[in-house]
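S.K.: Be aware that the sequence shown starts at 28, since it is given in the working numbering, and climbs by one per residue. Before we start, here is the structure in question, set down as structure tokens.
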Amino acid sequence: SNVNLAAEFVNMILAERGFMANSRVITQADRILMDVMRLRM
28 SNVNLAAEFV
38 NMILAERGFM
48 ANSRVITQAD
58 RILMDVMRLR
68 M
């Protein structure tokens, strides 16, 4: 069974980009939550 290294490399890059995008969303949501908590005080 052959492995298409180019396709697998592309898939790895796409997965990494997806992970980074999700990480940015979580970071931004955390900042918004902190701002909301600060406003309530």
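Every residue gets a Cβ at the ideal spot worked out from N, C-alpha and C, and that includes glycine.
1. To the nearest angstrom, how far is it from the Cα of residue 57 to the Cα of residue 67?
2. Straight-line CA distance for residue 54 to residue 46?
3. In three-state terms, what does DSSP make of residue 94?
4. Taking DSSP as the reference, what is the three-state secondary structure of residue 47?
5. Is residue 38 helix, strand or coil by DSSP?
M.R.: Inspection of the coordinates gives the following:
1. Here the question's residue 57 lines up with position 30 in the sequence shown. Here the question's residue 67 lines up with position 40 in the sequence shown. Approximately 16 Å, taken between the alpha carbons.
2. Taking the sequence shown and counting its residues from 1, the one referred to as residue 54 is at position 27. Taking the sequence shown and counting its residues from 1, the one referred to as residue 46 is at position 19. Approximately 12 Å, taken between the alpha carbons.
3. Since the first residue of the chain shown is 28 and the last is 68, residue 94 is not available in this structure.
4. Against the sequence shown, residue 47 aligns to sequence position 20. Residue state, collapsed to three classes: helix.
5. On the sequence shown, position 11 is the one that residue 38 refers to. Of the three classes helix, strand and coil, the one that applies to residue 38 here is helix, per DSSP.
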